[in-house]
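Each remark here refers to the structure printed beneath this line.
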């Protein structure tokens, strides 16, 4: 058995200098072809060796080989997308060739029962015997935004995914690059990894690796079950002392636990045991798919709040009240402005002095609404009683995008505390464009006030956990 | 005091044959000008009389008048967007002229304190003395999709809002047409109404009116406080026997209740009293802004489920499990397929026999995935043990939109039970286009599985309430 340190060295998976691709190389539709096309699309610049007994000549400019033994250069990683009966033999050949890391994308192993169980056991045996490492099988594998390395063989229409601080990890195929409009939304990603059936690399290995990964600022993990509770807890602790760990774990209901058992061929484990383990290690549990994708970016961009006191600035009092409810249930306190701040706000407009701040009445009568809005946001966030703010902005029409973005360019110079922006409006194109432009500037945007407030609540919760660890 | 029946006759507000507009008629930026522009944009074909002492000549093709007394024709409704001190006088003139309904968009009445309280009291006095009816003040007023009548004076970039069955009502300015990309998402609207400060027309009047409105199939109401608890309860009951009433009521936390008091100059009322009143009348409480906009459409399009047994069909097992958790907490039961259905599914693919159904493995190996998907969806929904289904569809790239839409065109012929579709994918343009096309065909679409499942849960809950009423 490898040492914990060795086990968590996943560099050969995420940063291979060379990779062999096993799978159909048929143009366009072959899955081996697909993965090479995707690697090129994302700018992977390592050496690529297509391998298939059925293909001669070049594939996308790379010479194809009948077997990996025909390649004379060393190969660091392999991607395998061939029928299950052929996979153990291929992995065995890879081990003999000196390949360190294999990602097995093929399905129909343990999760399918029958013969698949046998093939998966053969893979486990090869790992133990040879020391080769495996991610999968039954996975879309991984994506590394830093070097463009990707193992997903299906059509990816994204041309580019933004490099940034979020690592998304999962046990499910479509909780990956293909599951979200990452490019259109400019979500900042460091790495993504689906660990599939975990015949070797598991969530603990991945967490240990990401704990040390300098590009990852926050880890978002979709977890149905941990292979080894003790190792998972230790690895989660290692993450939490360095960066936030957010866990989406379904299975609160018995029905869901049964569904996990049926699709992963493994037990979901006891809900209460998981829930308390997650709390105990200082990870933060998320409840929804929406939160899994949207909450982490607050950590990718913004510093941690020094406390839990939130200011809520909206353009309508009614919506502010909704935000207050969410804030309270997310563990935030509604900040009370210092008298000096209240005075300054009152001078701008008599009814502006208390939190939540309803900017609607003043903006509708102001000759220069953007300057007023900027001033109010700066005053609120620079109040010593305020630790963070949810700010709503109106993307009502396309022409409003530029002045709003400019306003936030100014505000970035004036404010250091974390903000979450809630964009709403009547024109989708304006909402999307404003979101993209603000995200590119490092400001987390949300289309639902509840999510913006919840993200700040999670940030404050992690700040508290972190402070507790440092005491 | 008017009778309950008279009070709830709001036809003059929603269907006026003629309307006077009081407000600045300055081109482009004047708010009186704005509301006329918006009425024309949405195709309102009644007579329009711009009224302003500062304007001569025509406004957008309509002759302007200095006072309403100069108009010789009868006028049914008026929209007032002038400074508060001028408003009581204008409403008095309208009453003398025989105008039946006035929508006062101007702010700074009771909600602002001071002189505003006095002006609002004057409006109340005029209502009592003359019998004229008022919506507002401090409101964007209303929108009627059937005739294009709109009272919002601000820039509306939507060219058209889809006519359909949802009435949205609120006590807040931006819970209106301008708050959501209604056109881009093809959300089907019957009427929208912000009742503002409720100096006359209140939530009970509005509910009574909408209960009888044949175009409204579901009422979504954002409610902070009821003016008269007894009347509200009676009106809510009248709605619930005819159509679902969904209520978004913030104020679960004390902090939120305080915020309501501050922005509406009225008490939020006791949370527990409201919560039990909502349950008692058979209304269904919503918790978030997202649900307020997204849940109602399940009723606009689909028949009620006959029970609470849901089938969940996804393209990945991991996501299905998330759906199961939401279903259980939304009061749904996970359907068990009849043996005959399970057999047929098994014949299509061995691992398809149980619910939730993970379509991923079969679709990835099928030569005709759309035909297989269609067959599986039809089998699941036509099982006698299934009352409704959440179906996930993948909008990964633009070219997939057409075949998916075609598949649902076939399915609409084969299925009568309610479905909620969860659209996800990596390309925003494909997601948006697929959503629009399917909504136009009467299929409710969601971008989050949780919302799709929750909507079915709300539908099943209302079906149960309705069945209870009919017993």
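Residue numbers (our numbering), protein chains in the order written: chain A, 3 to 473; chain B, 3 to 473.
Every residue gets a Cβ at the ideal spot worked out from N, C-alpha and C, and that includes glycine.
Just so you know, these numbers come straight off a predicted model, no measurement behind them.
Residue 394 of chain B lies in the alpha helix (DSSP H); which residues open and close that run?
Position 392 of the second chain, counted from the first residue, corresponds to residue 394 of chain B. From DSSP, residue 394 of chain B is part of no alpha helix (DSSP H) but of the beta strand (DSSP E) over 390-396.
Under 8 Å: do the segment 414-430 of chain A and the segment 183-190 of chain B share three or more Cβ pairs, one atom per stretch?
Verdict: yes, contact present.
Which value, in whole angstroms, describes the spacing of the CA atoms of residue 107 of chain A and residue 293 of chain A?
Locating residue 107 of chain A in the first chain gives position 105, where the first residue counts as 1. Locating residue 293 of chain A in the first chain gives position 291, where the first residue counts as 1. Taking the straight line from one Cα to the other gives about 27 Å.
Ignoring anything shorter than 3 residues or poking outside the segment 267-306 of chain B, list the beta strand (DSSP E) runs there in chain order.
Correct list: 286-288.
Could you pull out every residue in the same chain whose Cβ sits closer than 8 Å to the Cβ of residue 205 of chain A, ignoring the five residues on either side in sequence?
In the first chain, residue 205 of chain A corresponds to position 203, counting from 1. Excluding residues within five positions, the ones whose Cβ falls inside 8 Å are 171, 173, 197, 223, 225, 228, 229, 234, 237.
What residues are listed by DSSP as bridge partners for residue 407 of chain A?
Within the first chain, the letter at position 405 stands for residue 407 of chain A. Looking at the DSSP assignment, residue 407 of chain A forms no beta bridge with any residue, so it has no partner.
Tell me the DSSP secondary structure of residue 230 of chain A in three-state form.
The residue labelled residue 230 of chain A in the question sits at position 228 within the first chain. Note: residue 230 of chain A maps to coil in three-state DSSP.
Could you tell me the alpha carbon to alpha carbon distance between residue 352 of chain B and residue 391 of chain B, rounded to whole angstroms?
Translated into the one-based positions of the second chain, residue 352 of chain B becomes position 350. Translated into the one-based positions of the second chain, residue 391 of chain B becomes position 389. Cα to Cα, the separation comes out at about 21 Å.
In chain order, which continuous runs of the alpha helix (DSSP H) of length 4 or greater are located wholly inside the segment 143-228 of chain B?
Listed in chain order, they are 184-187, 205-214.
Buried or exposed for residue 199 of chain B, going by 16 or more other Cβ atoms inside 10 Å?
Residue 199 of chain B sits at position 197 when you count from the first residue of the second chain. Residue 199 of chain B should be labelled buried.
Under a three-way DSSP split, which group does residue 15 of chain B fall into?
Within the second chain, residue 15 of chain B is the residue found at index 13, counting from 1. Of the three classes helix, strand and coil, the one that applies to residue 15 of chain B here is helix, per DSSP.
Pull out every residue of the segment 281-293 of chain B whose Cβ sits closer than 7 Å to any Cβ of chain A, in chain order.
Listed by position, the residues of the segment 281-293 of chain B near chain A (Cβ gap below 7 Å) are 290, 291, 292.
Using the Cα positions of residue 192 of chain A and residue 283 of chain A, report the straight-line distance between them to the nearest angstrom.
Reading the first chain from its first residue, position 190 is the one you call residue 192 of chain A. Reading the first chain from its first residue, position 281 is the one you call residue 283 of chain A. So the two alpha carbons sit approximately 23 Å from each other.
Closest by CA to residue 1 of chain B, which one among B:388, B:11, B:383?
This structure cannot settle anything about residue 1 of chain B, because the visible part of chain B is limited to 3 through 473.
Three Cβ pairs or more, each shorter than 8 Å: is that satisfied between the segment 108-117 of chain A and the segment 136-143 of chain A?
Yes, the segment 108-117 of chain A touches the segment 136-143 of chain A.
Pick out the complete alpha helix (DSSP H) segments inside the segment 417-452 of chain B, 4 residues or longer, and give them in chain order.
Whole alpha helix (DSSP H) segments, 4+ residues: 430-442.
Thinking C-alpha only, which one of A:401, A:336, A:379 is nearest residue 418 of chain A?
If you number the first chain from 1, residue 418 of chain A lands on position 416. When only C-alpha atoms are compared, the closest one is A:379.
Counting only C-beta atoms, is residue 318 of chain A closer than 8 Å to chain B at any point?
As a working mapping, residue 318 of chain A is identified with position 316 in the first chain. So, interface residue.
Please report the distance separating the alpha-carbon of residue 261 of chain A from that of residue 218 of chain B.
Within the first chain, residue 261 of chain A is the residue found at index 259, counting from 1. Within the second chain, residue 218 of chain B is the residue found at index 216, counting from 1. C-alpha separation (whole angstroms): 39 Å.
Kindly indicate which three-state DSSP category residue 341 of chain A falls into: helix, strand or coil?
As a first step, residue 341 of chain A must be located in the first chain, where it is residue number 339. The answer is helix: DSSP assigns residue 341 of chain A an H, G or I state.
If you measure beta-carbon to beta-carbon, which residues of the segment 119-153 of chain A are closer than 8 Å to chain B?
Here the close residues number zero.
For residue 52 of chain A, name the three-state secondary structure that DSSP assigns.
Residue numbering aside, residue 52 of chain A sits at position 50 when the first chain is read from its first letter. Correct three-state label for residue 52 of chain A: strand.
Under 7 Å Cβ-Cβ, which residues of chain C neighbour residue 353 of chain A?
Absence of chain C from the displayed structure is noted, the protein chains being A and B.
Kindly indicate if chain B contains any beta-carbon less than 8 Å away from that of residue 448 of chain A.
The sequence position of residue 448 of chain A within the first chain is 446, counting from 1. Answer no: the Cβ-Cβ gap between residue 448 of chain A and chain B never drops below 8 Å.
Against residue 307 of chain A, what residues of chain B qualify as contacts under a CB-to-CB distance less than 9 Å, listed in chain order?
Mapped onto the first chain, residue 307 of chain A falls at position 305. Here the premise fails: no neighbours, minimum Cβ distance about 18 Å.
Could you tell me if residue 86 of chain B is buried or exposed, where buried requires 16 or more neighbouring beta carbons within 10 angstroms of its beta carbon?
Here the question's residue 86 of chain B lines up with position 84 in the second chain. It is buried - the Cβ of residue 86 of chain B has at least 16 other Cβ atoms within 10 Å.
Run the CB neighbour count on residue 307 of chain A, radius 10 Å, all protein chains shown included, and call it buried at 16 or more, exposed below.
For the purposes of this step, residue 307 of chain A is taken as the residue at position 305 of the first chain. Buried: at least 16 other Cβ atoms inside 10 Å.
Counting only C-beta atoms, is residue 224 of chain A closer than 8 Å to chain B at any point?
Along the first chain, read from residue 1 onward, the residue named residue 224 of chain A stands at position 222. Closer than 8 Å: yes.
Output the distance between the C-alpha atoms of residue 68 of chain B and residue 28 of chain B, rounded to the nearest integer angstrom.
Taking the first residue of the second chain as 1, we reach residue 68 of chain B at position 66. Taking the first residue of the second chain as 1, we reach residue 28 of chain B at position 26. Near 14 Å, if we compare the C-alpha coordinates of residue 28 of chain B and residue 68 of chain B.
What residue range does the alpha helix (DSSP H) around residue 362 of chain B cover?
Position 360 of the second chain, counting from 1, holds the residue named residue 362 of chain B. Where residue 362 of chain B is concerned, the enclosing alpha helix (DSSP H) stretches over 362-367.
Starting from the Cα of residue 333 of chain B, find the closest Cα among B:456, B:259, B:158, B:95 and give me that residue.
Counted from its first residue, the second chain places residue 333 of chain B at position 331. Here the closest residue by C-alpha is B:456.
Jot down the residue ranges of each uninterrupted beta strand (DSSP E) in the segment 51-101 of chain A, minimum 3 residues, whole runs only, in chain order.
The qualifying runs are 79-83.
Could you give the DSSP three-state label for residue 42 of chain A: helix, strand or coil?
Reading the first chain from its first residue, position 40 is the one you call residue 42 of chain A. Helix at residue 42 of chain A.
For residue 2 of chain B, does the count of other Cβ atoms within 10 angstroms reach 16, so buried, or fall short, so exposed?
Because chain B spans 3 through 473 in this model, residue 2 of chain B falls outside it and cannot be assessed.
Tell whether a beta-carbon distance below 8 Å holds between residue 17 of chain B and residue 210 of chain B.
Locating residue 17 of chain B in the second chain gives position 15, where the first residue counts as 1. Locating residue 210 of chain B in the second chain gives position 208, where the first residue counts as 1. No, they are not a contact pair.
Would you please verify whether the beta carbon of residue 452 of chain A is less than 8 Å from any beta carbon of chain B?
What you label residue 452 of chain A is simply residue 450 of the first chain in a count that begins at 1. Yes, residue 452 of chain A counts as interfacial toward chain B.
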